[in-house]
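Enquirer: First the structure, which I've put down as structure tokens, then a few questions once you've had a look.
Chains as they are written, first to last, in our numbering: chain F, 27 to 195; chain V, 4 to 211.
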């Protein structure tokens, strides 16, 4: 339980660049280090996080539940939100200093591309587990086209993928 | 000090209950990532109710981009704090998180119960393919601006390989990348386009 709290606290504290960045973090700790969930469950948790409104971080609820039931989901969600909460409040006092600080900007400029690389790395492992045959591969390509080319909303794309899965896969 | 500034611009700071109600609605309907969520907040906070000015709203979004954590949650908490102090921040984050939390909990319970049913396995096979596409689309959208210079593009590839092949610890990787940034981008000119750690634009995809 303490591991759960500390892990999600850490995830909340270091995920510069938005919620997607949490995916490689969660994968490394929850799947590889602690074995709280299988790779399959991890992908399913992220999928469910995409169906629900709100931030993708909400997948933490699933992981918390797997570890320690209802209390676990509250702990995971609370721990992952705690750093965000204090950072945002601290920002209210330091905003003008942060905005002008070149070192902060250089730090973030280095983190920005790295974070994309990390998301891609997580994407690779997830693709290896999810794209099991030609059909899942084609479905992923179709979804990608819908997202990038036709700018369809992500929650609609994921719902459609689920419906197609129900009937054809 | 921030509160005094806010009071000047916004004659009547909103009640906690009112703020909570608006954010419960946003939390329940905010599909599609940080930017669509922020658009909903903008409609209510800036256009309809005039709780914050456009400038304050933009600042909050910037806070969301600089600070770790989901961009929308950062921004919403920050506005809540500027409007009503600690209680405002607390009410904001809880009201926003509560609806998706309950929905996710319901899905989790259903998954634990019915996850083994063959039809359900089919659904998740489809969802898995969708997740891959969403991750690829997000990486494309977030990564495009970084492909413009050799330095940032190399950082991206280096992080990808470090995680994929060497399994470097993620926290260490973020800190190393930041320090590399400090070493590489010394001149203010390097930073001119502005710090856009994730550069989310209104294209779809979940980046919050």
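Each residue gets a CB set at the ideal place from its N, CA and C atoms; glycine is no exception.
Against chain V, does residue 101 (chain F) count as a neighbour if the rule is that its beta carbon must be under 9 Å from one of theirs?
Expert: It does not: the Cβ of residue 101 (chain F) has no partner Cβ on chain V nearer than 9 Å.
Enquirer: Going by beta carbon distance, what residues of the same chain come within less than 6 Å of residue 226 (chain F), once the five residues before and after it are set aside?
Expert: Missing from the structure shown is residue 226 (chain F); chain F here goes from 27 to 195 and no further.
Enquirer: How would you label residue 29 (chain F), buried or exposed, when you count the other beta carbons within 10 angstroms and need 16 or more for buried?
Expert: So residue 29 (chain F) ends up on the exposed side.
Enquirer: Nearest-angstrom Cα distance between residue 19 (chain V) and residue 87 (chain V)?
Expert: Answer to the nearest angstrom: the Cα atoms are 8 Å apart.
Enquirer: Under 7 Å Cβ-Cβ, which residues of chain V neighbour residue 34 (chain F)?
Expert: Ordered by position in chain V, no residue passes the 7 Å Cβ test against residue 34 (chain F), which lies about 11 Å from the chain.
Enquirer: I'd like to know whether the C-beta atoms of residue 27 (chain V) and residue 101 (chain V) end up nearer to each other than 9 Å.
Expert: Contact: yes.
Enquirer: Along the chain, where does the alpha helix (DSSP H) that runs through residue 46 (chain V) open and close?
Expert: That residue, residue 46 (chain V), is in no alpha helix (DSSP H); it is neither H nor E in DSSP.
Enquirer: Going along chain V, which residues have a C-beta under 8 Å from residue 133 (chain F)?
Expert: Residues of chain V passing the Cβ test: 181, 182, 184 and 185.
Enquirer: Go ahead and pull the three-state DSSP assignment for residue 74 (chain F).
Expert: The answer is helix: DSSP assigns residue 74 (chain F) an H, G or I state.
Enquirer: Give me the chain V residues within the contact set of residue 83 (chain F), using Cβ-Cβ distance strictly less than 7 Å, ordered along the chain.
Expert: Residues of chain V passing the Cβ test: 73.
Enquirer: Sorted by chain position, which residues of the same chain lie with C-beta nearer than 7 Å to residue 6 (chain V)'s C-beta, five sequence neighbours on each side aside?
Expert: Note that residue 6 (chain V) scores 45 on pLDDT, short of 50, meaning its location in the model is unreliable and no value can be drawn from it.
Enquirer: So is residue 144 (chain F) buried or exposed if we call it buried at 16+ other beta carbons inside 10 Å?
Expert: Buried, by the Cβ-count rule.
Enquirer: Per DSSP, what kind of secondary structure is residue 154 (chain F) in: helix, strand or coil?
Expert: Three-state result, residue 154 (chain F): helix.
Enquirer: Give the single residue among F:118, F:87 and F:162 whose Cα lies nearest to the Cα of residue 114 (chain V).
Expert: It is F:87 whose Cα lies nearest to the Cα of residue 114 (chain V).
Enquirer: List, in chain order, every chain F residue whose beta-carbon is nearer than 7 Å to that of residue 1 (chain V).
Expert: Limits of chain V in this structure are 4 at one end and 211 at the other, which puts residue 1 (chain V) out of reach.
Enquirer: Please say whether residue 114 (chain F) and residue 66 (chain V) have beta carbons closer to each other than 9 Å?
Expert: Taking 9 Å as the Cβ cut-off, residue 66 (chain V) and residue 114 (chain F) qualify as a contacting pair.
Enquirer: On the three-state DSSP scale, how would you describe residue 56 (chain V)?
Expert: In this structure, residue 56 (chain V) counts as coil in the three-state DSSP scheme.
Enquirer: Does DSSP put residue 63 (chain F) in a helix, a strand or coil?
Expert: Note: residue 63 (chain F) maps to coil in three-state DSSP.
Enquirer: In chain order, what residues of the region 117–143 of chain V put their CB closer than 9 Å to some CB of chain F?
Expert: Of all residues in the region 117–143 of chain V, 118, 122, 123, 124, 125, 126, 127, 128, 129, 130, 131, 132, 133, 134, 135, 136, 137, 138, 139, 140, 141, 142 and 143 have a Cβ within less than 9 Å of some Cβ in chain F.
Enquirer: Mind checking the region 20–35 of chain V against chain F and listing, in chain order, the residues whose C-beta falls within less than 8 Å of any C-beta there?
Expert: Listed by position, the residues of the region 20–35 of chain V near chain F (Cβ gap below 8 Å) are 30, 31, 32, 33, 34 and 35.
Enquirer: Measuring straight from C-alpha to C-alpha, what distance separates residue 32 (chain V) and residue 45 (chain F)?
Expert: Computed Cα separation, rounded: 18 Å.
Enquirer: Could you check whether the Cβ of residue 140 (chain F) sits closer than 9 Å to any Cβ belonging to chain V?
Expert: At least one chain V Cβ lies under 9 Å of residue 140 (chain F).
Enquirer: Tell me whether residue 121 (chain V) sits in a helix, a strand or coil according to DSSP, three-state version.
Expert: DSSP places residue 121 (chain V) in helix when its eight states are reduced to three.
Enquirer: Is there contact between the region 116–126 of chain F and the region 52–70 of chain F, where contact requires at least three CB pairs shorter than 8 Å?
Expert: In short, these stretches do not touch, since the Cβ pair count stays below three.
Enquirer: Taking only runs of the alpha helix (DSSP H) that begin and end inside the region 126–183 of chain V, which ones reach a length of at least 4 residues, in chain order?
Expert: Whole alpha helix (DSSP H) segments, 4+ residues: 153–167.
Enquirer: Would residue 105 (chain F) pass as a contact of residue 32 (chain F) if the rule is Cβ separation under 9 Å?
Expert: Yes. Within cutoff.
Enquirer: Thinking residue 134 (chain F) and residue 69 (chain V) are a contact (beta carbons under 8 Å), I'd like their distance in whole angstroms, please.
Expert: That pair is a contact at about 6 Å.
Enquirer: Please report the distance separating the alpha-carbon of residue 136 (chain V) from that of residue 183 (chain F).
Expert: For residue 136 (chain V) and residue 183 (chain F), the distance between alpha carbons rounds to 9 Å.
Enquirer: First and last residue of the alpha helix (DSSP H) that includes residue 85 (chain F)?
Expert: Unbroken run through residue 85 (chain F): none, as it is neither H nor E.
Enquirer: Which word fits residue 121 (chain V), buried or exposed, when buried means at least 16 other C-beta atoms lie within 10 angstroms of its C-beta?
Expert: It counts as exposed.
Enquirer: Taking the Cβ atom as the reference point for each residue, do residue 152 (chain F) and residue 131 (chain V) lie within a distance shorter than 9 Å?
Expert: In this structure, residue 131 (chain V) lies closer than 9 Å to residue 152 (chain F) by Cβ.
Enquirer: Who are the near neighbours of residue 96 (chain V) in its chain, counting only those whose CB is closer than 6 Å to its CB and skipping five residues on each side?
Expert: Taken in chain order, the residues that qualify are 80.
Enquirer: Shortest alpha-carbon distance to residue 193 (chain F) belongs to which of F:167, F:175 and F:161?
Expert: The shortest C-alpha separation from residue 193 (chain F) is found at F:161.
Enquirer: Can you find the residues in the same chain that come closer than 7 Å, C-beta to C-beta, to residue 94 (chain V), ignoring five residues on each side of it along the sequence?
Expert: Closer than 7 Å at the Cβ level, and outside the excluded window around residue 94 (chain V), lie 19, 22, 23 and 83.
Enquirer: Does residue 22 (chain V) come out as helix, strand or coil in the three-state DSSP assignment?
Expert: Three-state DSSP puts residue 22 (chain V) in a helix.
Enquirer: Name the chain V residues whose beta carbon is nearer than 8 Å to that of residue 72 (chain F)?
Expert: The answer, in chain order, is 134.
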